[in-house]
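Structure first, commentary second.
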Amino acid sequence: MTKPRYLTKSRFKLALGCSTKLFYTRKKEYEDTSEMDSFLQGLAQGGFQVEELARMYFPEGVAILGDDYNYDKLVSRTNELLQQENVTIFEPAFLVNGLFIRVDILEKKGNNISLIEVKAKSIDSESHTTFINQKGALSGGMGAYLYDVAFQQYVIKQGHPDWEIKAYLNLVDKSKYTTVNGLNSHFKIVPNSELRTNVEVTSGLTKSAIGESIMALINVQDEVALILNTNPIEDKTFEETVCFYRDHYANDIKIDTEIGAHCGGCEFMLHDPREGKKSGYHECWMKQLPIQKPELGKITKELIDQPKSYEIWNKPAKKAILERRFFTYELTRDDVKDDPGTYGMSRSDRQWLQIEKTNNNDNTVAVDVENLRLEMSQWKYPLNFIDFETCAVAIPFTAGMRPYEQLAFQFSHHVVYEDGRVEHHSDYINLEIGIFPNFEFIRALKESLAQNDGSIFRYHNHENTVVNVIYNQLKVSSEIDKNELIAFIETISHNTGSSAGNWCGDRDMIDLQRTVVRNYFHPQTGGSNSIKAILPAVLDSSTFLKKKYIQPIKYINLTTLNFKENFCFLTIEDGVAANPYKLLPPLFDGFSNDQLEEAIEHAKDEVRQIADGGAALFAYAKMQDATISNSERTETRVALLRYCELDTLAMVMIYECFKELV
Ligand code: SF4
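Using the working numbering, the first residue of the sequence shown is number 1, and each one after it goes up by one.
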């Protein structure tokens, strides 16, 4: 039997992003990377856990269970419950005129309905007033959620015109503290389980056992009313838009959308055709390119796959794309705005380098040697390279913590001496269950960095942000040595906007990523300056690194705390230096570290509060669960130690590559 083709809230949101996607979605024959992505992103954002937590605050709630695709049964069970005068339902199902929705939580009191959408995004309920700005438009980065709620309200109203509906977002409240220990561990992530959300809730858990609520119920009725009165797509009211999408989806008719920069992250993109899978992306471009650029003549896959203007770092070519110059060979120097006044490579220099090297098939590195030499001459030996592993999750682990409060549980510290010796000087890890690790962490860091007065390096802003967070936590703490620790933080960092003080230390950590950005460009990075992109590039371009790290540790003047002396950080595959991170075991069951990192990157865009915790965030959350076995605990600890050691060694390798260049 063919499944009915109803417009659901996720399809509605998908269509708002690009209406052509409605045609490709849920078709086996089309590549679709979003299913796996959305699972991992849910885990990374904490959305699944928050959904289960939110339900706990409605102990009278009844869940609609059953096969997600047995629409009639779900609706009929919902209708049965709705016969009651007062009822709270989790995941009630509504099917009206080809539109199908399930609501996270619905409270019915007679004809008064509260429609509640649960999200892991945080809010400060004490300062929040509205998501509508002074110009009368939506603000606060909640647009997608608000459209989602508006769609749900619209569908319910169609079926129940007599109901008085109020819409709410149920968000994680940063102004609140959890009052119980181990809250997070009551909502245990169990990958690849049979559970709907892959979250196992502690059996018999009660509302009182989870303490004071850390959620905020935000009335968004004004925002929903605003959306219902606007035109989501040109010349179409909200209702017309919904019907337009519904009818095209029901009849499986493709809506053509103009190709452009928005195609860059298309989930229906497949570059290497596999058996039984098609690329929706290529279908779009195959159809649209002859219309948009008739001068190209016959369109082939190879032609479509040429490097695109929207792939250039920091997306300088918006105007070019509007002018349908989709390919990098169509860009000129005028497309990258000059940004004079900076020393070393400016942003526009790097963008133009990327364009030129892409167009010339030139895979050689570009370096501003003079400037690099000048920068490096200001560094003081011995050099200290540090990296933190942290965790900031929606549901806190210990009493007294706020949602998304930053926990610093691990660091690694490498020292490089002027004579070239490299020492893995120290590392710190605290995975103890229910312990707030930040103050012990900063004490250990202070001790480790006190062994010399050389320059300290971080990679990007994370380490500076974290010590600022700890600074604020220390200010309101009663730690005996808080003044000493605060003074230490002031020597190795500078204040951020949200800090309780104003300082810039004598040993303010040097951002190695900025040194990369100002002085080094390798085409293989695709313009990315993340350490995961730069490391393979420096390994590829440096003869010194290749020669050194292909040898076992014991032969290369390097000490290690976590690897065996016969371990080699570098292998060469098909003549190319392999990424050393690939040699590490996964930090979380069932997923590669790359997949976890990618999910965190997306989650950062979505819920923002997650900092650069990376894959270690998952591992830390797992270790806070008292029920995991000792062997798994030991394995994860060892994996975390190696992972963090490689993070600082990667910085050392970048330094060594630069040293060779100057
Ligand atoms: S390729 Fe572009 S137009 Fe086609 S579905 Fe993807 S984003 Fe939409």
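Each residue gets a CB set at the ideal place from its N, CA and C atoms; glycine is no exception.
Which residues in the same chain as Lys-293 place their Cβ atom closer than 8 Å to its Cβ, once the five residues preceding and following it in sequence are excluded? Against the sequence shown, residue 293 aligns to sequence position 293. Take Lys-293, set aside five residues on each side of it, and the residues of its chain with a beta-carbon closer than 8 Å to its own are Arg-324 and Phe-326, in chain order.
Which term fits Cys-266, buried or exposed, when burial requires 16 or more other beta carbons within 10 angstroms of its beta carbon? Position 266 of the sequence shown, counted from the first residue, corresponds to residue 266. The residue in question, Cys-266, is buried, as its Cβ has 16 or more Cβ neighbours within 10 Å.
If you follow the alpha helix (DSSP H) that Cys-284 is part of, which residue opens it and which one closes it? For the purposes of this step, residue 284 is taken as residue 284 along the sequence shown, with counting starting at 1. 280-292 is the span of the alpha helix (DSSP H), which, as asked, contains Cys-284.
Using three-state DSSP, classify Met-56 as helix, strand or coil. Here the question's residue 56 lines up with position 56 in the sequence shown. Looking at Met-56 - three-state DSSP - the assignment turns out to be helix.
Within 10 Å of its beta-carbon, does Val-607 have 16 or more other beta-carbons around it, so buried, or fewer, so exposed? Along the sequence shown, read from residue 1 onward, the residue named residue 607 stands at position 607. Unreliable placement is indicated for Val-607, whose pLDDT of 49 sits below 50; the coordinate value is still reported in the next sentence. By the neighbour-count rule (16 or more Cβ atoms within 10 Å), Val-607 is buried.
By the 10 Å Cβ neighbour count, where 16 or more other Cβ atoms means buried, how is Lys-277 classified, buried or exposed? The residue given as residue 277 occupies position 277 in the sequence shown. By the 10 Å Cβ count, Lys-277 comes out exposed.
How about Phe-187 and Glu-85: are their beta carbons less than 7 Å apart? Here residue 187 is taken as the residue at index 187 of the sequence shown, counted from 1. Here residue 85 is taken as the residue at index 85 of the sequence shown, counted from 1. Contact flag unset, no.
Should Leu-65 go down as buried or exposed, given a rule of 16 or more other Cβ atoms within 10 Å for buried? Reading the sequence shown from its first residue, position 65 is the one you call residue 65. Classification of Leu-65: exposed, given that the 10 Å Cβ count is below 16.
Just reading off the beta strand (DSSP E) that Ile-218 is part of, what are its end residues? Start at 1 with the first residue of the sequence shown, and residue 218 comes out as number 218. 215-219 is the span of the beta strand (DSSP E), which, as asked, contains Ile-218.
Pull the bridge partners of Arg-458 from the DSSP assignment, please. Taking the sequence shown and counting its residues from 1, one reaches residue 458 at position 458. Answer is Asp-511, bridged to Arg-458.
Under the rule that 16 or more other beta-carbon atoms within 10 Å means buried, what is Ala-611, buried or exposed? Translated into the one-based positions of the sequence shown, residue 611 becomes position 611. Confidence is the limiting factor: at Ala-611 the pLDDT is only 45, short of 50, which leaves the residue's position unreliable, though a coordinate-based value still follows. Buried is the call here.
Would a C-beta distance cut-off of 7 Å place Glu-389 and Ala-137 closer than the cut-off? Position 389 of the sequence shown holds residue 389. Position 137 of the sequence shown holds residue 137. Not a contact, by the Cβ cut-off of 7 Å.
So which of Leu-82, Phe-90 and Leu-74 has the shortest CA-CA distance to Val-62? Translated into positions along the sequence shown, residue 62 becomes position 62. Checking every option, the nearest Cα to that of Val-62 belongs to Phe-90.
Cα separation between Asp-427 and Ser-412? Reading the sequence shown from its first residue, position 427 is the one you call residue 427. Reading the sequence shown from its first residue, position 412 is the one you call residue 412. Each residue's Cα considered, the two are about 4 Å apart.
With a CB to CB cut of under 7 Å and the five nearest residues on each side skipped, what residues in its chain are close to Lys-548? Indexing the sequence shown from 1 puts residue 548 at position 548. Within the same chain, Lys-548 has close Cβ partners Ile-556.
So what does Cys-504 bridge to, in DSSP terms? Here the question's residue 504 lines up with position 504 in the sequence shown. DSSP lists His-494 as partners of Cys-504.
On the three-pair Cβ rule with 8 Å, is the segment 645-656 touching the segment 569-583? yes
Reference Ile-470; option with closest CA among Lys-287, Thr-636 and Phe-409: For the purposes of this step, residue 470 is taken as the residue at position 470 of the sequence shown. When only C-alpha atoms are compared, the closest one is Phe-409.
Continuous alpha helix (DSSP H) stretch holding Lys-532: start and end: Along the sequence shown, one-based indexing puts residue 532 at 532. Per DSSP, Lys-532 is one residue of the alpha helix (DSSP H) stretching across 531-541.
Using only the heavy atoms of ligand 1, determine whether one of them is closer than 6 Å to the beta carbon of His-262. Within the sequence shown, residue 262 is the residue found at index 262, counting from 1. For ligand 1, at least one heavy atom lies less than 6 Å from the Cβ of His-262.
For Cys-266, does the three-state DSSP call read helix, strand or coil? For the purposes of this step, residue 266 is taken as the residue at position 266 of the sequence shown. Coil, per DSSP.
Which two residues bound the contiguous beta strand (DSSP E) that contains Lys-188? As a working note, residue 188 is residue 188 in the sequence shown. Per DSSP, Lys-188 belongs to the beta strand (DSSP E) from 187-189.
Shortest alpha-carbon distance to Glu-447 belongs to which of His-460, Asn-384 and Ala-394? Here residue 447 refers to the residue found at position 447 when the sequence shown is read from its first residue. Minimum Cα distance to Glu-447 is reached at Asn-384.
Is Lys-21 near ligand 1, in the sense that its beta carbon is under 6 Å from a heavy atom of that ligand? By one-based count along the sequence shown, residue 21 stands at place 21. Lys-21: yes, Cβ under 6 Å from ligand 1.
With DSSP as the reference, label Cys-18 as helix, strand or coil. As a first step, residue 18 must be located in the sequence shown, where it is residue number 18. Three-state DSSP puts Cys-18 in coil, outside helix and strand.
Pick from His-128, Glu-126 and Leu-171: whose alpha carbon is nearest that of Tyr-145? In the sequence shown, the residue the question calls residue 145 occupies position 145. Here the closest residue by C-alpha is Leu-171.
Assuming Ser-127 contacts Tyr-404 (C-beta within less than 8 Å), just tell me the rounded distance between them. As a first step, residue 127 is located in the sequence shown; it is residue number 127 there, counting from the start. As a first step, residue 404 is located in the sequence shown; it is residue number 404 there, counting from the start. About 16 Å separates the beta carbon of Ser-127 from that of Tyr-404, a gap too long to meet the 8 Å contact definition.
Does DSSP put Ile-395 in a helix, in a strand, or in coil? Against the sequence shown, residue 395 aligns to sequence position 395. When secondary structure is reduced to three states using DSSP, Ile-395 falls in the coil class, being assigned neither helix nor strand.
Within the chosen definition, does the segment 91-103 reach the segment 66-74 through at least 3 CB pairs nearer than 8 Å? yes
Option in Thr-465, Lys-174, Val-416 and Ala-619 with minimal Cα separation from Ser-213: Residue 213 sits at position 213 when you count from the first residue of the sequence shown. Ranking Thr-465, Lys-174, Val-416 and Ala-619 by Cα distance to Ser-213 puts Lys-174 first.
Quick one: is the Cβ of Tyr-245 within less than 6 Å of any heavy atom of ligand 1? For the purposes of this step, residue 245 is taken as residue 245 along the sequence shown, with counting starting at 1. For ligand 1, not one heavy atom lies less than 6 Å from the Cβ of Tyr-245.
Would you call Tyr-329 buried or exposed, if buried means 16 or more other Cβ atoms sit within 10 Å of its Cβ? For the purposes of this step, residue 329 is identified with residue 329 of the sequence shown, where counting begins at 1. By the 10 Å Cβ count, Tyr-329 comes out exposed.
Over what stretch of residues does the beta strand (DSSP E) that includes His-248 continue unbroken? The count along the sequence shown starts at 1 and reaches residue 248 at position 248. His-248 -> not in any beta strand (DSSP E); alpha helix (DSSP H) instead, spanning 238-250.
For ligand 1, is there a heavy atom less than 6 Å away from the beta-carbon of Thr-257? Sequence index remark: in the sequence shown, residue 257 carries index 257 (1-based). True, at least one ligand heavy atom lies under 6 Å from that Cβ.
Tell me Phe-94's beta-bridge partners as DSSP assigns them. As a position in the sequence shown, residue 94 is number 94, starting the count at 1. In the DSSP output, where bridge partners are listed per residue, Phe-94 has Ile-101.
Gly-280 and Tyr-57 - do their beta-carbons sit closer together than 7 Å? Taking the sequence shown and counting its residues from 1, one reaches residue 57 at position 57. Taking the sequence shown and counting its residues from 1, one reaches residue 280 at position 280. Here Tyr-57 is not near Gly-280, since their CB atoms are 7 Å or more apart.
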